[in-house]
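Number of protein chains: 2
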Amino acid sequence: MRDAYQEQLDDLATGLAGMCDDVAAAMRKATRSLLEADLQLAEEVISEDTGIDDVRAAAEHRAFGLLALQAPVATDLRIVVAAIHGAGDIERMGDLALHVAQAARRRHPQSVLPDEIKPYFAEMGTVGVRLAEKAGQVIRSRDLETAGELESDDDAMDDLHKHMFTVLMDRNWTHGVSAAVDVALLARFYERYADHAVAVARRIVYVVTGQMPGPLTV
Amino acid sequence: MRDAYQEQLDDLATGLAGMCDDVAAAMRKATRSLLEADLQLAEEVISEDTGIDDVRAAAEHRAFGLLALQAPVATDLRIVVAAIHGAGDIERMGDLALHVAQAARRRHPQSVLPDEIKPYFAEMGTVGVRLAEKAGQVIRSRDLETAGELESDDDAMDDLHKHMFTVLMDRNWTHGVSAAVDVALLARFYERYADHAVAVARRIVYVVTGQMPGPLTV
Chain A
1 MRDAYQEQLD DLATGLAGMC DDVAAAMRKA TRSLLEADLQ LAEEVISEDT
51 GIDDVRAAAE HRAFGLLALQ APVATDLRIV VAAIHGAGDI ERMGDLALHV
101 AQAARRRHPQ SVLPDEIKPY FAEMGTVGVR LAEKAGQVIR SRDLETAGEL
151 ESDDDAMDDL HKHMFTVLMD RNWTHGVSAA VDVALLARFY ERYADHAVAV
201 ARRIVYVVTG QMPGPLTV
Chain B
1 MRDAYQEQLD DLATGLAGMC DDVAAAMRKA TRSLLEADLQ LAEEVISEDT
51 GIDDVRAAAE HRAFGLLALQ APVATDLRIV VAAIHGAGDI ERMGDLALHV
101 AQAARRRHPQ SVLPDEIKPY FAEMGTVGVR LAEKAGQVIR SRDLETAGEL
151 ESDDDAMDDL HKHMFTVLMD RNWTHGVSAA VDVALLARFY ERYADHAVAV
201 ARRIVYVVTG QMPGPLTV
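So the protein lines, in turn, are chains A and B.
Residue 1 is where the first sequence starts when you use UniProt numbering, and the numbers rise one by one after that.
Residue 1 is where the second sequence starts when you use UniProt numbering, and the numbers rise one by one after that.
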């Protein structure tokens, strides 16, 4: 019985880590669809999002079953509660990748982004994907050092996000209101994506230490 | 023992419903601070947000204690899991009210919003506050009819949100890039606030019926 129980706990973590890989792949594709005005990639991200939602529902179902049938305590209970939270955060990351893809689709065949802005979004995409992948690693390894790395990666994302606003508010912005609104919202999607990855890692810190790290700046 | 347990479950719901009232009050004040460029109100919302964060942490702690010590099943377990989710959603609503207040503070003594846009935000504020208050009522009453009302209130918010973008993208927008970016982000804060209120109500539907209603459009 104990073995089956442990297996269920492991399955829960494996499922969540896999979700992280899925939303990392979604954000990688969404960013490419944005930078290259690639409609087909955007459509892929959009149609694949329901799969991520399904995995989330399955993870919650599994967590609920564990609580109902096994009544875990201590670290095991923290794992299950962290998984409930994590599934929500990771699903939201998928939604944010979806929003990026939807923006690319909405403006196709035009590019959403002015050319000189693209390198920033390429970088936000890289940082975002790295955060999602690291969140998956942290779920698998429960390694606190990697969990800590997500905080500094998130600082890099925050800097990029702030810089985008400086660029938008500059008098030399020549791309008009519509492009500015797109850039502002897209930058926010990446920043929120990063925040959710950090939240996932923080829940794992809580699993390991029993303590939540300090609050995420909102 | 059973009585103390039932009391703990009731306390959990009462705490969450109170959080809804708190974030309704925060959004009411944040909206006024935005419409009237009232710095003092904005500062109140900003300083009171940590109180909401504390209530969330307390609710999670209480939920964790219930799981660990009482091992609830069936409806009771659904209540606890819904409370874990709900606390996260409601705290996020507080964060979004905070973002509105921060925007008001950032532009003070100027107004963030052009005059002709203010009525829309007054309406978004009213709808948002109503949603938060109704979410609190649904937690207290578990009334499915009221839970259903949140869906149509959220449709009203979505319409306002979409309309804001039509206004922004109009060639007759004369207020420049900076105001447009503010309006776009603020409209999104209200729309997300509403989504979280609906999510809270949907979790209560799940408590009562054992089934989640259909997915929220993202």
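Cβ atoms here follow ideal geometry from the backbone N, Cα and C, with glycine treated the same way.
These numbers come from a predicted model, not from an experiment.
If I follow the unbroken alpha helix (DSSP H) through residue i, where does it start and stop?
i	result
A/Gly136	118-141
residue 303 of chain A	Not covered by the structure: residue 303 of chain A. The range shown for chain A is 1 to 218.
B/Asp76	74-107
B/His175	Unbroken run through B/His175: none, as it is neither H nor E.
B/Ala71	Neither: B/Ala71 is in no alpha helix (DSSP H) and is coded neither H nor E.
So that I know if they touch, is there some Cβ in chain A lying closer than 8 angstroms to that of residue i?
i	result
B/Met27	no
B/Leu77	yes
residue 228 of chain B	Outside the displayed range of chain B (1 to 218) lies residue 228 of chain B, so it cannot be described from this structure.
B/Ala122	no
B/Val81	yes
B/Leu150	no
B/Arg188	yes
B/Lys112	The question names Lys, but residue 112 of chain B is Val in the sequence shown. It does not; no Cβ of chain A falls within 8 angstroms.
B/Phe184	What sits at residue 184 of chain B in the sequence shown is Ala, not Phe. Yes, B/Ala184 counts as interfacial toward chain A.
B/Ala97	no
Where does residue i sit, in a helix, a strand or coil, going by DSSP?
i	result
A/Ser111	coil
A/Asp38	coil
B/Gly15	helix
residue 248 of chain A	Since the first and last residues shown for chain A are 1 and 218, residue 248 of chain A lies out of range.
B/Gly51	helix
A/Met212	coil
B/Leu9	helix
A/Ala199	helix
A/Tyr206	helix
A/Val218	Confidence is the limiting factor: at A/Val218 the pLDDT is only 47, short of 50, which leaves the residue's position unreliable, though a coordinate-based value still follows. The answer is coil: DSSP assigns A/Val218 none of H, G, I, E or B.
For residue i and chain B, any beta-carbon pair shorter than 8 angstroms?
i	result
A/His85	yes
A/Ser178	yes
A/Ala181	A small correction: the amino acid at residue 181 of chain A is Val; Ala does not occupy that position in the sequence shown. Answer yes: the Cβ-Cβ gap between A/Val181 and chain B drops below 8 angstroms somewhere.
A/Met164	no
A/Gly88	yes
A/Leu67	yes
A/Leu34	no
A/Val218	In this prediction, A/Val218 has a pLDDT of 47, which is less than 50 and means its spatial position is unreliable; what the coordinates show is noted afterwards. Output row for A/Val218: interface = yes.
A/Met169	yes
A/Ala71	yes
Can you tell which of the options has its C-alpha closest to the C-alpha of residue i?
i	options	result
A/Ala103	A/Leu186, A/Gly210, A/Val207	A/Leu186
A/Gly210	A/Arg171, A/Ala97, A/Asp76	A/Asp76
A/Phe121	A/His163, A/Ser178, A/Arg202, A/Thr14	A/His163
A/Arg142	A/Asp95, A/Tyr206, A/Asp21	A/Tyr206
B/Val208	B/Val80, B/Val100, B/Ser178, B/Arg192	B/Val80
B/Ala4	B/Ser33, B/Gly65, B/Val55	B/Gly65
B/Thr174	B/Ala68, B/Val45, B/Leu113	B/Leu113
B/Gly86	B/Gln8, B/Leu16, B/Glu191, B/Gln6	B/Leu16
A/Asp38	A/Arg107, A/Asp95, A/Lys134	A/Arg107
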